[in-house]
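If you're matching positions, the sequence shown starts at 2 in my numbering and goes up one per residue. All C-beta atoms in this analysis are idealised placements derived from N, C-alpha and C, irrespective of residue type, glycine included. In what follows, a structure is listed as C-alpha cells, so that the remarks can point back to it.
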Amino acid sequence: MSVHNQEGVVPETAGMRQWLGLGVLALATLLLALDFSVLHLALPYLVADLQPSSTQQLWILDIYGFMIAGFLVTMGTLGDRIGRKRLLMTGAGLFGLCSIAAAYSVSAEMLIITRALLGMAGATLMPSTLSLIGNMFRKPKQRGIAIAVWLSCFSAGGAIGPLIGGLMLQWFWWGSVFLLGVPVMLLLLLTAPFLLPEFRTPQAGKLDLPSVAISLVTVLSVIYALKEIASYGIQAFPIAMLVLGVGAGYIFIRRQRRVQEPLLDLTFFRNRAFNGALIGLLIAVFALGGFVLFFAQYLQLVEGLTPLKAGLWMIPYALANIVGAMITPSLANRMSVSKLIALGLALASFGFLFYNIAVWLSLPGLAVMVSGSILVMLGLSPLMVLSTDRVVASVPPEKTGSASSLSEMSSEMGMALGIAILGIIGTATYRRLMAGAIPENTPAEMAEAVADSLAGAAAAVENLNDPSYLYLMDAAREAFSSGIQVVGVVSAVLLIGLIFLNQTVFRTKPANEVKETAR
C-alpha cells in the first residue's frame, strides 16, 4: 500500500530518503525553538545600541511568539491548499531573509517589524514540518519515532538557545544571534526539493480571508491578554482584550459552519481520539508552563545563580524530555497507549509534588528542583509524543497540515494559560504570606516592591544596599517557595484529572492500539 502525491508515490515503509528528510525538518524545528530563547540574552546589548523604549523592548521580545500563534491555523490550512513543501520552502526563504534584516536592524521599529515577519515565517514552518512527517512516515511505529525526534529537537533548541546565544554574544555583536538561522534555512532550501515530497489537498478551494482575519483577532487577543494578566495582574484592558478574543472566536466558529471552504474543518472535533489528544496537550503544557516560569525564577532569585548557570541547570530537564520522547515509541510497543500515558502522567504528578515532599524532609532545594524537573519531563514525554501522533493519524492525509496547526495551537494556548493562571496562583500565595511579614517601619517604596514579587524584593534590597534589610529577602524566598508548592499541588491535581479523562472519556480500545502500533 502506498500514498500518492504530486510527485509520484510515497512508500508505505519509510526509507533512507524519508529519514534524511526528517533530519532537514528536525533542523528547522530546532532553529525555531532556539529563536524563542536566544533573544533574551541579547536584549541588554541591543537596548544599548538601538535604545528602544520600554514598550518597544516588550514588543521586540513578544511579537515573534504572537505572530507564530496568530498565523498557525492559517498557515496549516494554506499548506493543505498550496502544498506543504512549497509553503515550507517559502517560509524558510522568508525566515532566512528576515533573520538577516533583523541582524542588521538600525532602529527599534525595524527590529520589531522584522521580528513580526520572522513570526509569520515561523508559523509556516511548524505545521508544515509536522504534517510532512505524517505524510512521509505511514507506518505508525516509524511515525512515532519521527515525531519523537521532531519533539526532541524542539526541546533541544530551547535548552541550548541560551548557551549558543551566550557564546555568540561573547565574540560578536547582538545581531549575530539572528544569523544562526541563515545556514539552516539555506540547507533546507537546497535539500528539500530532493528529500521532501509534496502533498496538498486535491481541488482545494480559495482561502477564506475573512476567516483569516477573525482567527488572527481571536488568537492574538487571547494570547496578549493572558500574557498581560500574567505580567501585571488582572486589569481592565487585558480583560477587555480577552473578551474580544473569546467573542471573535465564537464568530469564527459560526463562520466555519457556514462557508463552503472553511479555514478550519470542524468535523475534526467529531473524533474522540483527536479531541482527547488536543485536550491532553493543552492540560499538560498548561502545567508545564507554570513550572518553567517558577523554575527559572527559583534558580536565579532563590538560589542566586547567574543566567548562564541557571541555563546550565535547566539542561537536565530538556535532556529528560529528549530521552522520554525517544523511548516512548519503544514503550508503546509493549503496552497500550492509554496505560503508557497514564503511567507517564503519574510520574509527572509525583515530579510536581517532589518539591513539597523535599521541603517537609528538609532536603537541598536546588537538587530537588532539578530532580523534580527531570521527573516532570520524563512523565510528560509519552503524552506529548503519542498525542501529537494521534492528531496526525486521526485525520485524512490531505488535511494533516490543518490538524498539525491545531496541535501547535493547543500547546501555545496551554503555555500561555499556564503562565498566566498558575503565575497568578503562585503570586497570590506569595503576596498573602508577605502581607504579614513586612515590618511597619519598612520604607513605603521598599515595602511595596517586596510585597509585590520576589523579583521586586531582590531589586529593592539590592538598590538600598542596607544589610539590615536582608531578612526581608529570606522571608520573600520562603514565601516564593510556598507559592511553588501550591502551584505544584494544582499541577499534580490537573494531571491526575487528565489520567481519569484518558482512562474514561478519551480512552481508545487497547486492542486497536496494540494492533495499530504493531503494524
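In the DSSP annotation of this structure, LYS140 is not part of any alpha helix (DSSP H), being labelled neither H nor E. Contact between ALA461 and MET435 is absent: CB atoms are separated by about 12 Å, not below the 8 Å threshold. In this structure ALA278 is not in contact with LEU381, their Cβ atoms being roughly 14 Å apart against a cut-off of 8 Å.
Rounded to the nearest angstrom, the gap between the Cα atoms of LEU21 and ALA147 is 11 Å. Residue LEU40 holds the alpha-carbon nearest to the alpha-carbon of TRP60 among TYR46, LEU306, THR75, LEU40.
Its chain contains GLY71, PHE72, THR75 as the residues whose beta carbon lies nearer than 8 Å to that of LEU217, once the 5 sequence neighbours on both sides are disregarded; these appear in chain order. Within its own chain, the residues whose Cβ lies closer than 6 Å to the Cβ of GLU413, once the five positions on either side in sequence are excluded, are ALA70, listed in chain order. The Cβ atoms of GLY92 and SER132 lie no closer than 8 Å to each other. Between GLY291 and MET416, the alpha-carbon positions lie close to 8 Å from each other. Around the Cβ of VAL244, a 10 Å sphere holds fewer than 16 other Cβ atoms; the residue is exposed.
Ranking PHE501, VAL213, GLY373 by CA distance to the CA of ALA343 puts PHE501 first. In this structure, PRO330 lies away from PHE200, with their beta-carbon atoms at least 8 Å apart. Around the Cβ of LYS310, a 10 Å sphere holds fewer than 16 other Cβ atoms; the residue is exposed.
Excluding the 5 residues flanking it on each side, ARG391 has same chain C-beta neighbours closer than 6 Å at ALA274, ALA278, in chain order. Where ALA193 is concerned, the enclosing alpha helix (DSSP H) starts and stops at 182-196. CA-to-CA, the gap between GLU262 and ILE113 works out to about 33 Å.
For PHE275, the enclosing alpha helix (DSSP H) covers residues 273-298. SER106 sits close to LEU51, with the two beta carbons spaced by under 8 Å.
When DSSP states are grouped into helix, strand and coil, LYS228 belongs to the helix group. Restricting attention to SER408, PHE287, SER395, LEU300, the CA atom closest to the CA of VAL488 is found in PHE287. Between the stretch 252-262 and the stretch 350-358, the count of Cβ pairs shorter than 8 Å is below three; the stretches do not touch.
Residue range 445-453 is occupied by the alpha helix (DSSP H) that includes GLU446. The three-state reading of DSSP puts THR329 in helix, counting H, G and I together. Residue state for GLN52 is assigned as coil, using DSSP reduced to three classes.
With a threshold of 16 other beta carbon atoms within 10 Å, LEU210 falls short and is exposed.
Per DSSP, the continuous alpha helix (DSSP H) segment holding THR401 begins and ends at 401-418. About 20 Å separates the beta carbon of SER212 from that of MET242, a gap too long to meet the 8 Å contact definition. Apart from the 5 residues on each side of it in sequence, VAL183 sits with its Cβ closer than 8 Å to the Cβ of GLY97, SER100, ILE101 in its chain, given in chain order. Between the beta-carbon of LEU181 and that of LEU35 there is about 7 Å, and that keeps the pair under the 8 Å contact cut. Within the same chain, and ignoring the five residues on either side of THR192 in sequence, the residues whose Cβ sits closer than 6 Å to its Cβ are VAL25. Per DSSP, reduced to three states, the secondary structure at GLY489 is helical. The three-state reading of DSSP puts LEU381 in helix, counting H, G and I together. Shown here, GLU304 sits in coil according to DSSP, grouped into three states, outside any helix or strand. Of SER482, ALA349, LYS400, the smallest CA-CA separation from LEU265 is found for LYS400. Looking at the backbone, the Cα of ASP453 and that of LYS140 are separated by about 53 Å.
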